[in-house]
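Comments concern the structure below.
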Amino acid sequence: MPESRDRLVREVDFAAVYARSRTVGVYTDEMDRALFGSRVSEPVQVERPGTVFGPGFRPGLAGSRRPDLQMSRRRNPSRSRGIENGSAARSGDRRSDLPSWYPRTPLQDISAVIRAIERRRGRQGEGDGLEIGTPAVQGLRVSVDSFKTPNPVHLKQGKPKSPYTASSSAIKISPVPKLGKVQKLIHEIANQPSPGAECLTPEKKLLNSIDKVGEVVKQELEKLKRTPAAKRDEREKRVRTLMSMR
Amino acid sequence: MDMDYAHFMVTQGRKEKDNSVPSSPSSEAYKRLLAETLNLNRTRILAFKNKPPVPVELIPHQHTASASSTTHQAKPTKPRRHIPQVKQTSERTLDAPDLVDDFYLNLLDWGSSNVLAIALGSTVYLWDASTGSTSELVTVDEEHGPVTSVNWAPDGRHIAIGLNNSEVQLWDSASNKQLRTLKGGHRCRVGSLAWNDHILTTGGMDGRIINNDVRIRDHIVETYRGHTQEVCGLKWSASGKQLASGGNDNLIHIWDRSVASSSSPTQYLHRLEDHTSAVKALAWCPFQSNLLASGGGGGDRTIKFWNTHTGACLNSVDTGSQVCALLWNKNERELLSSHGFTQNQLTLWKYPSMVKTAELTGHTSRVLFLAQSPDGCTVASAAGDETLRFWNVFGDPNEAAKKSAPKKNQEPFAWANRIR
Numbered sequence: 001m002p003e004s005r006d007r008l009v010r011e012v013d014f015a016a017v018y019a020r021s022r023t024v025g026v027y028t029d030e031m032d033r034a035l036f037g038s039r040v041s042e043p044v045q046v047e048r049p050g051t052v053f054g055p056g057f058r059p060g061l062a063g064s065r066r067p068d069l070q071m072s073r074r075r076n077p078s079r080s081r082g083i084e085n086g087s088a089a090r091s092g093d094r095r096s097d098l099p100s101w102y103p104r105t106p107l108q109d110i111s112a113v114i115r116a117i118e119r120r121r122g123r124q125g126e127g128d129g130l131e132i133g134t135p136a137v138q139g140l141r142v143s144v145d146s147f148k149t150p151n152p153v154h155l156k157q158g159k160p161k162s163p164y165t166a167s168s169s170a171i172k173i174s175p176v177p178k179l180g181k182v183q184k185l186i187h188e189i190a191n192q193p194s195p196g197a198e199c200l201t202p203e204k205k206l207l208n209s210i211d212k213v214g215e216v217v218k219q220e221l222e223k224l225k226r227t228p229a230a231k232r233d234e235r236e237k238r239v240r241t242l243m244s245m246r
Numbered sequence: 001m002d003m004d005y006a007h008f009m010v011t012q013g014r015k016e017k018d019n020s021v022p023s024s025p026s027s028e029a030y031k032r033l034l035a036e037t038l039n040l041n042r043t044r045i046l047a048f049k050n051k052p053p054v055p056v057e058l059i060p061h062q063h064t065a066s067a068s069s070t071t072h073q074a075k076p077t078k079p080r081r082h083i084p085q086v087k088q089t090s091e092r093t094l095d096a097p098d099l100v101d102d103f104y105l106n107l108l109d110w111g112s113s114n115v116l117a118i119a120l121g122s123t124v125y126l127w128d129a130s131t132g133s134t135s136e137l138v139t140v141d142e143e144h145g146p147v148t149s150v151n152w153a154p155d156g157r158h159i160a161i162g163l164n165n166s167e168v169q170l171w172d173s174a175s176n177k178q179l180r181t182l183k184g185g186h187r188c189r190v191g192s193l194a195w196n197d198h199i200l201t202t203g204g205m206d207g208r209i210i211n212n213d214v215r216i217r218d219h220i221v222e223t224y225r226g227h228t229q230e231v232c233g234l235k236w237s238a239s240g241k242q243l244a245s246g247g248n249d250n251l252i253h254i255w256d257r258s259v260a261s262s263s264s265p266t267q268y269l270h271r272l273e274d275h276t277s278a279v280k281a282l283a284w285c286p287f288q289s290n291l292l293a294s295g296g297g298g299g300d301r302t303i304k305f306w307n308t309h310t311g312a313c314l315n316s317v318d319t320g321s322q323v324c325a326l327l328w329n330k331n332e333r334e335l336l337s338s339h340g341f342t343q344n345q346l347t348l349w350k351y352p353s354m355v356k357t358a359e360l361t362g363h364t365s366r367v368l369f370l371a372q373s374p375d376g377c378t379v380a381s382a383a384g385d386e387t388l389r390f391w392n393v394f395g396d397p398n399e400a401a402k403k404s405a406p407k408k409n410q411e412p413f414a415w416a417n418r419i420r
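From first to last, the protein sequence lines are chains A and B. Quick note on numbering: the first sequence equals residues 1 to 246 in UniProt numbering. Quick note on numbering: the second sequence equals residues 1 to 420 in UniProt numbering.
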């Protein structure tokens with residue numbers, strides 16, 4: 001049985017009504033009635049505010065729909081306008097925490113992924129405390145110089161230089177050369193099940209590069225320890241200690 | 001410990017070695033026999049002994065004062081269950097893409113056959129909790145969808161699916177076949193479903209509640225009118241005598257089949273108007289038959305308890321955020337509520353004190369739907385962040401399995417009426 005409709009034909013200025021309701025921010029009943037007649041049969045979510053429905057639009061026809069509406073509905077299955085759902089403007093384009101490139105399979109187990117994302121979020125919360133802008137980068141340059149770490153550019157080549165060379169050539173921690181390697185890293189991570197590269201801001205990249213530099217320094221120190229001269233020194237030290245205990 | 005022997009063993013050995021006098025075989029034998037009789041053959045000084053004797057009590061039990069004797073009793077009357085804290089993190093998380101972020105729908109249900117049904121967009125998926133496998137039940141046409149409610153029948157095999165176009169489909173999950181479509185009852189989407197044996201009660205956006213007998217052709221047996229806006233919460237009591245419904249009109253109605261059938265002007269038994277927002281969260285108490293818990297939406301944020309015989313409100317608790325769903329613990333006196341903005345948490349309350357026992361966080365958007373496993377231990381929650389999380393909030397499933405297993409062994413021939 002067809003539903004009853006408001007039979008009185010009223011002149012409605014759709015644009016004005018729409019503009020009014022837009023300023024309020026909530027999809028009002030008034031707008032409902034103006035656009036769809038007195039009785040709303042189906043919930044329709046207006047994705048793009050620009051679309052205005054002409055007088056030719058008839059409510060209650062389940063089949064006919066404007067194509068753009070249909071497209072947006074497929075992407076975001078319609079959410080009714082009720083008060084509990086908040087304003088219509090709050091359309092969730094990407095409601096999920098998963099990165100956009102992550103393949104979505106219904107009911108796939110993503111426990112590990114979500115845990116990793118939560119951990120990263122926790123770390124980000126801590127990391128935001130360090131304000132990293134250009135002044136800090138300068139500071140980094142200075143501190144790295146004093147350490148006389150190997151040239152970070154060498155990381156890419158994989159050839160470590162001895163850190164104790166006198167050359168204190170300007171060790172730049174410029175983010176530009178780093179990006180190449182870091183982007184490669186991102187792709188690597190993307191191929192693995194574990195994520196976490198979607199929010200690599202320049203600051204994050206810097207921090208990552210600092211970590212890498214630290215690791216390389218540690219490796220260099222280990223290597224030094226293994227050289228014969230270092231071993232001899234250590235042995236002598238030990239012998240001296242033992243002799244003193246006699 | 002034999003102190004003499006110990007002393008001998010420790011000191012005597014040296015003397016023997018100093019003795020260089022050659023000894024004849026007979027004297028050797030004599031020495032050996034002597035050692036045996038004197039029990040000097042032991043190689044060990046220290047040896048294990050039996051249990052120490054029970055210490056003799058100076059004053060026996062029975063004669064002490066009664067106060068101290070009670071301390072020797074085995075256990076207090078109420079054994080504490082939750083010695084370990086309720087685990088605050090989800091056991092597992094499943095992806096739920098295209099989950100409709102609509103407060104008024106009911107897209108999640110866990111059937112008695114331990115299969116979880118969830119509607120993502122226009123498709124209903126079944127997840128077998130025992131195997132962890134996923135299967136697609138049905139994808140409805142774009143024009144009919146999206147799916148607005150799912151509900152398992154009590155047998156755990158049949159499932160009802162409410163659609164946006166006001167129809168309800170009945171499916172057999174075992175054979176993956178559609179059994180029938182209920183049409184003509186509602187005029188708007190069917191957002192809530194509830195089973196009562198062979199009666200499927202449907203609630204629509206038109207405010208109507210319809211009882212459908214799924215066995216007969218003319219399925220509409222009764223229509224309850226009372227709500228003026230969408231019916232989002234619908235729950236039958238455990239006895240099947242009373243039906244609770246909550247709507248976007250902030251009302252809760254209690255329908256009693258005996259009252260409704262009589263020709264009274266209003267079909268409902270009670271109309272509860274205390275909430276100031278939409279009521280979707282409804283849960284009947286498993287250990288008190290006429291107790292109903294209800295939760296209000298964003299503007300109300302309270303959980304209220306009702307006596308459904310008298311219609312009186314027993315208690316009201318402000319939770320601080322939108323209450324989307326409620327679940328009772330079948331084994332303990334606890335209530336679980338799921339919330340929206342800002343924390344999107346699940347809160348576990350002790351009943352009747354309504355003290356917060358635990359708060360489970362993890363979801364990053366409002367926790368819209370809750371479902372309970374058939375064994376009563378695990379709760380599944382689906383939220384607007386497109387994830388489905390599982391929480392062992394009502395108990396450890398392993399412990400529950402252990403508890404239930406010995407019960408089965410008690411009566412080996414329970415299935416037989418006579419043994420002969």
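Note that the Cβ used here is the ideal one computed from N, Cα and C, for glycine as well.
### Query
By the criterion of Cβ-Cβ separation under 8 Å, what are the contact partners of residue 300 (chain A) in chain B?
Coverage of chain A is limited to positions 1 through 246, which leaves residue 300 (chain A) absent and any answer about it impossible.
### Message
Between the alpha carbons of residue 11 (chain B) and residue 42 (chain B), how many angstroms are there, rounded?
### Response
15 Å
### Query
Looking at residue 85 (chain A) and the ligand ZN, is the gap between the Cβ and the nearest heavy atom below 7 Å?
Of the ligands one can find in the structure shown there are none, so the ligand ZN has no counterpart to examine.
### Query
Is the shortest distance between the beta-carbon of residue 82 (chain A) and the beta-carbons of chain B less than 8 Å?
yes
### Reference residue 204 (chain A), options A:123, A:79, A:98, A:214, closest by Cα
A:123
### Short Cβ contact (8 Å threshold) for residue 279 (chain B) with residue 296 (chain B)
yes
### Residue span of the beta strand (DSSP E) that contains residue 278 (chain B), given as start and end
That residue, residue 278 (chain B), is in no beta strand (DSSP E); it is neither H nor E in DSSP.
### Message
Please tell me whether residue 364 (chain B) has its Cβ less than 8 Å away from any Cβ of chain A.
### Response
yes
### Message
Would residue 201 (chain B) and residue 243 (chain B) be called neighbours here (beta carbons separated by less than 8 Å)?
### Response
yes
### Query
Could one say the Cβ of residue 228 (chain A) lies closer than 8 Å to chain B's Cβ atoms, at least one of them?
no
### Task
For chain A, find out if any of its Cβ atoms is closer than 8 Å to the Cβ of residue 384 (chain B); answer yes or no.
yes
### Query
Exposed or buried, residue 206 (chain A), counting other C-beta atoms within 10 Å across all chains shown (16 or more means buried)?
buried
### Query
So which of A:228, A:236, A:223, A:127 has the shortest CA-CA distance to residue 208 (chain A)?
A:127
### Query
How many Å lie between residue 97 (chain A) and residue 341 (chain B) at the Cα?
16 Å
### Query
Nearest-angstrom Cα distance between residue 330 (chain B) and residue 315 (chain B)?
20 Å
### Task
Spatial neighbours of residue 224 (chain B) within its chain, please: CB distance less than 6 Å, with the 5 preceding and 5 following residues excluded, ordered by chain position.
209, 255, 267
### Message
At the level of alpha carbons, what is the spacing between residue 184 (chain B) and residue 323 (chain B)?
### Response
32 Å
### Query
How would you list, in chain order, the residues of chain B whose beta-carbon sits under 9 Å from the beta-carbon of residue 100 (chain A)?
Ordered by position in chain B, no residue passes the 9 Å Cβ test against residue 100 (chain A), which lies about 12 Å from the chain.
### Query
So, helix, strand or coil for residue 158 (chain B), using DSSP?
strand
### Query
Under the rule that 16 or more other beta-carbon atoms within 10 Å means buried, what is residue 248 (chain B), buried or exposed?
buried
### Query
Which stretch, first to last residue, makes up the beta strand (DSSP E) that contains residue 179 (chain B)?
177-182
#### Entry: Per-residue burial, residue 318 (chain B) [other beta carbons within 10 Å of its own, 16 or more giving buried]
exposed
### Query
Is DSSP giving residue 208 (chain A) helix, strand or coil here?
helix
### Query
At a Cβ threshold of 8 Å, is residue 104 (chain B) touching chain A?
yes
### Message
Please report the straight-line C-alpha distance between residue 155 (chain A) and residue 225 (chain A), rounded to a whole angstrom.
### Response
Unreliable placement is indicated for residue 155 (chain A), whose pLDDT of 41 sits below 50; the coordinate value is still reported in the next sentence. Their backbone Cα atoms lie some 21 Å apart in a straight line.
### Message
Check for me: the beta strand (DSSP E) holding residue 295 (chain B) runs from which residue to which?
### Response
291-296
### Task
Return helix, strand or coil for residue 7 (chain B), following the three-state DSSP convention.
helix
### Task
Within 10 angstroms of the Cβ of residue 240 (chain A), are there 16 or more other Cβ atoms? Answer buried if so, exposed if not.
exposed
### Task
Have a look at B:290, B:137, B:149, B:389 and flag the residue whose alpha-carbon is nearest the alpha-carbon of residue 108 (chain A).
B:389
### Query
Does residue 81 (chain B) get closer than 8 Å to chain A when you measure Cβ to Cβ?
Unreliable positioning characterises residue 81 (chain B) in this predicted model, as indicated by a pLDDT of 48, which lies under 50. The coordinate reading is nonetheless provided below. Not one chain A Cβ lies under 8 Å of residue 81 (chain B).
### Message
Taking its Cβ as the centre, do 16 or more other Cβ atoms sit within 10 Å of residue 7 (chain B), making it buried, or is it exposed?
### Response
exposed
#### Entry: Rounded straight-line distance, which links the Cα of residue 45 (chain B) to that of residue 3 (chain B)
9 Å
### Message
Below 8 Å, how does it come out for the region 127-141 of chain B and the region 186-199 of chain B: are there three or more Cβ pairs, yes or no?
### Response
no
### Query
So, using beta-carbon positions, are residue 166 (chain B) and residue 188 (chain B) closer together than 8 Å?
yes
### Cβ neighbour criterion (16 or more within 10 Å) applied to residue 28 (chain B)
exposed
### Query
Between residue 238 (chain B) and the rest of its own chain, which residues show a CB-CB distance below 8 Å, the 5 nearest in sequence each way excluded?
284, 286, 289
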